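Novice:
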Amino acid sequence: MPLPVVAIIGRPNVGKSTLFNRLVGKRLALVDDQPGVTRDRREGQATLLGLDFTIVDTAGFEDEDAATLPGRMRMQTQAAVEMADVALFMIDARAGITPLDEEIARWLRSADGTVVLVANKAEGRAGENGVLESLALGFGDPVQLSAEHGEGVADLFEALQPYIERDEEPEPEEEGEFDPETAVLKLAIVGRPNAGKSTLINRFLGEDRLITGPEAGITRDSIAVDWNWTAPDGRVRPVRLIDTAGMRKKARVQEKLEKLSVADALHAIDFAEVVVLLLDGTRGLELQDIKIADRVLQEGRALVIALNKWDIAEHASSLFNGVKGALDEGLAQARGVPLLTVSAATGKGLDVLMQAAFETREAWGRRVSTGQLNRWFDRALEANPPPAPGGKRIKMRYITQNKTRPPSFVLFGTRVDQLPESYKRYLINGLRKEFGFGAVPVRLNMRAPKNPFDHSK
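In the numbering used here, the protein residues as written are 664 to 1120.
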C-alpha cells in the first residue's frame, strides 16, 4: 500500500525546503536565502517519530500568469496539493502575514483537502506576532516550529498523526530485510562453569562437536556452529548456536586466560539475539546466575532460562518453584522470563526450549503502529493518571516506537523527566501485557519539548 502524501506549500522563502530536508533526513533540496530556488516539486520518503509518509517540496506559490515560469511553478504546486492527503501551509512567523499568504489561504479554503497551518521560524519572541496574526487565516492554531533547528517536530507529529497514521505493520528499520521465518536465529548459551552448555549444543547437533567433561572451564573461546532445527510442525529453522566459556564470580577470575574467556563470552552476548542462561539443576540458582541474567537484559538481548540436568535433579517441584520465585525477585525489570526444564544428556525438553527461543525473538523484534500505541496510551492514562510532583501536573501527550530489537519507545510531554520510576514501570508493564512483549527488554525514553528561552544548557 502506498504511503500517505504530505505536501509543503507556501510563498517563496518561508523555509519549505529546510523542513523537507529535515523530514527526509538528508539534504535533498537546495536551500538558499534567495527566493525561488525550488522550481519542480520534489518527493522524498519521510519519517517523523514513527510516522512514515511521502513528503513533497513545492515551489513558492506566486500570483503570476500561467504562461510564465512562476505561473508554471504554481501549477506544479497546485497539482501537488491535489494529490496529497495533507497540505502543510507554511508561513514565516517573523515576517508576519503577507497579502500572498492571504491569497494562498483563500485558495486552500476553496480546495477540497486537509490543511495544517505551520508557523516556521517561530522560535523566540520575534515570531510571536506572526503566530497571532496567522489565526486570522482560518486554519486554527498553527504548529509552531523551527525547521532549521528542529524545534516543534513533536507538535508537527501530533498535528499529522490523525490524518496519515496507518495500523499496518511497518517494515523493520534494521539494515536489510528481516524475515523471522527465514532469518538465522543467533542463539548464545551462557552460564556458570560446568552447567552443561557444550553438552547441550552437542545434543542439538547430534554429534560430539564440542569437547565436554566433568572438569570446569573446558570451553575457552566462544564457538559458533550453524545448525538447522526441525520444528515439531516440520519447518526447518536456521540457527547459529554460540557456546561460551563459563562465567564465575569476578573475584574468582584470576588467570589472564580465564579473564579473556569471560570477556569473549560477554562479547558473544552483545551479538546474540536470544540468550539461553543454562542453570545447573543439581545446584539450583546462585547469585552469579542473577548477575549473568541481568547483564543479558541490560544489553537488550532476549532471555530464556533453562534448568539443565533435570533428569537427575532432586525435589524437582520445590526446586523449580524456588528458582522461579528467586528470579521474579532478582529480575524485577523483566518478571516472567521463560523458565524451562531440560536435560542435555537425554534431550528432554530441547524442542520446547527452541520453540521458546524463536517465540521470544519474535516478541523482541515486534513493532506496534503509532495508532495502536496511542489508543492503548489513552486508556492507560485514563485508568491511572500520572502524579503531580510538587503540585505541578505532568502532561503526557503521546508515545511512539522508535526502534525494535529490543522494542524501544519515546514518550512526549511536559515535565516527563519528573515522572517517578514507579509510573514508568506501570507503563512498561502495560506495554508488555497489551502487545505481547512478554519479558523481553522494553526501553521507554522521555522527551520534553525544548524551551527556546532556556539558555542554561
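Backbone N, C-alpha and C fix where the C-beta goes; we use that ideal spot for every residue, glycine too. Given the structure is predicted, the values throughout are model-derived calculations rather than measurements.
1. If you run the structure through DSSP and keep just helix, strand and coil, what is S1032?
2. Would you call the CB atoms of E1097 and W1039 closer than 7 angstroms?
3. What is the DSSP secondary structure of Q917, counted as helix, strand or coil?
4. Taking Cβ to Cβ, would you say V847 is nearer than 7 angstroms to R903?
5. Classify R998: buried if its beta carbon has 16 or more other beta carbons within 10 angstroms, exposed otherwise.
6. Which residue wins for smallest C-alpha separation from T1067, given the options W890, R1030, I1091?
7. According to DSSP, is P1130 helix, strand or coil?
8. Over the uninterrupted alpha helix (DSSP H) stretch that includes A822, give me the two end residues.
9. Identify the continuous beta strand (DSSP E) that holds V781 and give its terminal residues.
10. In or out: N984 buried (at least 16 other Cβ within 10 Å) or exposed?
11. What is the rounded straight-line gap between the Cα of L691 and the Cα of G947?
12. Quick one: is E786 buried, meaning 16 or more other Cβ sit within 10 Å of its Cβ, or exposed?
13. Starting from K849, trace the beta strand (DSSP E) in both directions and tell me its first and last residue.
14. Between G801 and A758, how many whole angstroms is the CB-CB distance? I'm expecting something under 8 angstroms.
15. Quick one, are the C-beta atoms of M753 and K679 less than 7 angstroms apart?
16. From which residue to which residue does the beta strand (DSSP E) around E706 run?
17. Short of 7 angstroms in beta carbon distance, which residues of its chain neighbour Y1082, apart from the five on each side in sequence? Order them along the chain.
18. Please state whether DSSP places L714 in a helix, a strand or coil.
19. Secondary structure at A670, three-state DSSP: helix, strand or coil?
20. Please list the terminal residues of the continuous alpha helix (DSSP H) segment that includes F752.
21. With contact counted as at least three CB pairs below 8 angstroms, one residue from each stretch, are the segment 936 to 944 and the segment 958 to 973 in contact?
22. Give the secondary structure of A887 by DSSP, where H, G and I count as helix, E and B as strand, and everything else as coil.
23. If distances are taken between C-alpha atoms only, which option among S1006, A742, E1022, K849 comes closest to D933?
24. Could you name the residues of the same chain whose beta carbon sits closer than 6 angstroms to that of S1071, not counting the 5 residues immediately before and after it, in chain order?
25. Do the CB positions of L682 and T1063 come within less than 7 angstroms of each other?
26. Report buried or exposed for P1052, applying the criterion of at least 16 other Cβ atoms within 10 angstroms of its Cβ.
27. Please go through the same chain and pick out, in chain order, the residues whose beta-carbon is closer than 6 angstroms to the beta-carbon of G1101, but skip the five residues on each side of it.
28. Sort W770, N676, A931 by Cα distance to A810 and report the nearest one.
29. Quick one: residues in its chain with C-beta nearer than 6 angstroms to the C-beta of A822, no 5 flanking neighbours on either side, listed in chain order?
30. Counting only the same chain and skipping the five closest in sequence on each side, list residues whose C-beta sits under 6 angstroms from that of R1078.
31. To the nearest whole angstrom, what separates the beta carbons of A743 and T721, a pair I think is in contact under 8 angstroms?
32. For L942, count neighbouring C-beta atoms within 10 Å of its own C-beta (all shown protein chains included) and say buried if the count is 16 or more, exposed if not.
33. Verify the CB distance criterion: does Q1064 have a CB-CB separation below 7 angstroms to chain D?
34. May I ask you to report which of helix, strand or coil DSSP gives M1017?
35. Could you name the residues of the same chain whose beta carbon sits closer than 8 angstroms to that of A1019, not counting the 5 residues immediately before and after it, in chain order?
36. For N1122, which beta-bridge partners are listed by DSSP?
Specialist: Put simply:
1. Reduced to three states, the DSSP call for S1032 is coil.
2. Yes, these two residues count as a Cβ contact at 7 angstroms.
3. For Q917, the predicted model reports a pLDDT of 45, less than 50, meaning its position is unreliable; a value from the coordinates is still stated below. Coil.
4. Contact: yes.
5. By the neighbour-count criterion, in which a residue is buried when 16 or more other Cβ atoms sit within 10 angstroms of its Cβ, R998 is exposed.
6. Of the listed residues, the one whose Cα sits closest to T1067 is R1030.
7. Past the boundaries of the shown model lies residue 1130; the chain is included only from 664 to 1120, so the question cannot be answered.
8. Taken as a continuous stretch (DSSP letters only), the alpha helix (DSSP H) holding A822 covers 816 to 827.
9. Its beta strand (DSSP E) spans residues 777 to 783.
10. The residue is exposed, with fewer than 16 neighbouring Cβ atoms inside 10 Å.
11. Low local confidence applies: a pLDDT of 47 at L691 is under 50, so the model's placement there is unreliable, with the coordinate-based value given in what follows. Their Cα atoms are separated by approximately 59 angstroms.
12. Burial state of E786 is buried, judged by a 10 Å Cβ sphere holding 16 or more other Cβ atoms.
13. Its beta strand (DSSP E) spans residues 848 to 853.
14. Not a contact, Cβ separation roughly 19 angstroms.
15. Yes, the Cβ-Cβ distance between M753 and K679 is below 7 angstroms.
16. That run of the beta strand (DSSP E) goes 705 to 711.
17. It is Leu, not Tyr, that sits at residue 1082 in the sequence shown. Counting only Cβ-Cβ distances below 7 angstroms, and skipping sequence neighbours, we find P1049, I1057, M1109.
18. It is a strand residue.
19. DSSP places A670 in strand when its eight states are reduced to three.
20. No alpha helix (DSSP H) holds F752; the beta strand (DSSP E) holding it covers 749 to 755.
21. Flag = yes, the segment 936 to 944 and the segment 958 to 973 touch.
22. If DSSP states are grouped into helix, strand and coil, A887 belongs with the strands.
23. Residue K849 is the option with its Cα nearest to D933.
24. Hits under 6 angstroms: N1065, R1106.
25. Between L682 and T1063, the C-beta gap is not smaller than 7 angstroms, which leaves the two residues out of contact.
26. P1052 should be labelled exposed.
27. So the list reads A1026, once near-sequence residues are dropped.
28. It is N676 whose Cα lies nearest to the Cα of A810.
29. V779, V806, listed in sequence order.
30. I1057.
31. So it is a contact: roughly 5 angstroms between Cβ atoms.
32. Here L942 is buried. Its C-beta has 16 or more other C-beta atoms within 10 Å.
33. Note that chain D does not occur in the displayed structure, where there is just one protein chain.
34. Reduced to three states, the DSSP call for M1017 is helix.
35. Contacts found: V967, P1001, L1003.
36. Outside the shown range of the chain (664 to 1120) lies residue 1122, about which nothing can therefore be said.
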